[in-house]
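Each number in the numbering used here comes from the position in the sequence shown (counting from 1) with 648 added on.
Reading through the structure tokens given below for one structure.
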Amino acid sequence: MLDKFLKDAKDTKKQKYLGLAIGIAILGIAITFIPTKKPQDDNKAQKTPILNDSHDALSYEEGLEERLKNILEKMEGVGQVNVMLTTFSNEEKVLAEEKTQNYQHQEEKDQTGGIRVTEQNDTHNKIILQSGNTPFIIQENKPQIEGVLVLAEGAESSQIKSQIIESVSGLLGVPVHKVSVFKKQK
């Protein structure tokens, strides 16, 4: 249809206007796909932390204690070991959240010259769900370890004691001053 119109057009002026109109239409369509707001102002995934109950934190602590006990007992000269961990916080899960913000600013002038300004800012948060109506989890933060106590049969040797402190500190990412090692009672 366009080809027929171009062939029928005898005047080059019509062809120029047609080309210009097509260019403007293409530009208009392209502009509609360019976002007008920053992504953080529109809907976006936010982080909403939720905390698990203390039972989960205890099982996390107990699991770490058992693993640490097993590995330390395999070290030469350490002997039987008891381990106790203390944590600073509970396990935290960060959920994906969709945030919608709506801001309206309105100024009205009355007949006497007075100005009334009305501002409205609405924010709505909605947790993003995955299949089965379970929240979509972005990140899981394990409890922060506050201190470690190790009772070991071989802790009477300063060399073994130093190796235990170094091992525990390296494995758990705890500063050495928060790791206590003592000789275990027989």
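Note that beta-carbon positions come from the ideal geometry of N, C-alpha and C, so glycine has one too.
Query                                                                                                                                           : Result
Taking the continuous alpha helix (DSSP H) assigned at Ser-828, which residues delimit it?                                                      : Segment 827 to 831 is the beta strand (DSSP E) holding Ser-828; no alpha helix (DSSP H) there.
Give me the DSSP bridge partner(s) of Thr-748.                                                                                                  : His-772
Beta carbon of Ile-793, beta carbon of Leu-716: below 8 Å?                                                                                      : no
For the putative contact between Thr-735 and Pro-791, defined by C-beta atoms under 8 Å, what is the C-beta separation to the nearest angstrom? : 4 Å
For the putative contact between Ile-775 and Leu-743, defined by C-beta atoms under 8 Å, what is the C-beta separation to the nearest angstrom? : 5 Å
Rounded to whole angstroms, what is the Cα-Cα separation between Val-824 and Leu-797?                                                           : 11 Å
Touching or not, the region 803 to 816 and the region 761 to 777, by the rule of three or more beta carbon pairs under 8 Å?                     : no
My assumption, with CB atoms under 8 Å, is that Lys-826 sits in contact with Asn-730. Please give the rounded CB distance.                      : Not quite, the Cβ-Cβ distance comes to about 17 Å (not below 8 Å), so this is no contact.
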